[in-house]
Amino acid sequence: MNITILGSTGMVGSELVLESARRGHHVFAGSRRATAHQNPAVTVFGVDAGSSAQLASALAGSDIVMLAIRPDHRNEQSTASVTGTVLEAAAVEGAPVLVAGGAGPLRSMDDPLRLVVDDPRYVGRSWRGVALASVVQLETCLRHENQRWTYASPPAVLEHGQRTGSYRRGTTTLLVAPDGSSWITVEDFAVAMLDEIESPGEDRHFTVAQSLDHVAGSGHANHR
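Heads up: the sequence shown begins at 114 in our numbering, then just goes up one per residue.
Dropping the structure here:
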């Protein structure tokens, strides 16, 4: 499968590149500052994901597009604009888009009327702008003419760690472990996203969290 990953040098994007290549896919890794990759299955290229002209050539031949851009703290709302541009370009190419989004648009576990972005247990004041950007990003997807997309939300905490190859999957409500933690490693988040590509589910918006087998003794209780 030809997989184009936009935002390929970021925390999530770089793991998507590794996981895609690990599974034998042909990976086209795009970012503003392209750097060589040691895996011959990875083709690296420079691209501004907000440029329709550049995306027209960048997405050519793609079977699927993975969007893994992160909000800029100085201009969080640019994420929605870029997402709209990518959806337009992908529609022309006929490729579906899998968005590595944020936890902000998920619903709180004990209050379905409250989004995670508005829940101070999981989103502190300093991160609210980034979380809100993910809410607007999902709204952009929902309103767009191109509806061939899927939105993947991580849990409250997303950080580097061990690739276990296992995880829990949910829909639009934040997944919280019995110890109160809500987290997953970036490595396992990438596993979940590649699983979605290879065996698509029915949910347009889904979330994942660390398998409960790997939560006990992890030290992530109350880590938000």
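Note that the Cβ used here is the ideal one computed from N, Cα and C, for glycine as well.
Which residues in the same chain have their Cβ closer than 8 Å to the Cβ of Gln151, if we skip the five residues on either side of it in sequence? none
Which complete beta strand (DSSP E) runs does the segment 239 to 281 hold, if anything under 3 residues is left out? 262 to 266 and 270 to 272
Which of the three DSSP states, helix, strand or coil, is assigned to Ile310? helix
Which residue from Leu172, Ala181, Met222 and Asp223 puts its Cα closest to that of Glu201? Leu172
Range covered by the alpha helix (DSSP H) that runs through Thr198: Ser191 to Glu206
Distance between Ala305 and Ser191 (C-alpha atoms, nearest Å): 26 Å
Count the other CB atoms within 10 Å of the CB of Val68; is the residue buried (16 or more) or exposed (fewer)? Residue numbering for the chain in the displayed model covers 114 to 337; residue 68 lies beyond these limits and cannot be assessed.
So if DSSP puts Thr320 in a beta bridge, which residue, or which two residues, is it bridged to? Ser266 and Gly283
Straight-line Cα distance separating Thr263 from Arg276: 23 Å
Alpha-carbon spacing of Leu228 relative to Val321, whole angstroms: 16 Å
Going straight from the alpha carbon of Val157 to that of Glu252, what length do you get? 30 Å
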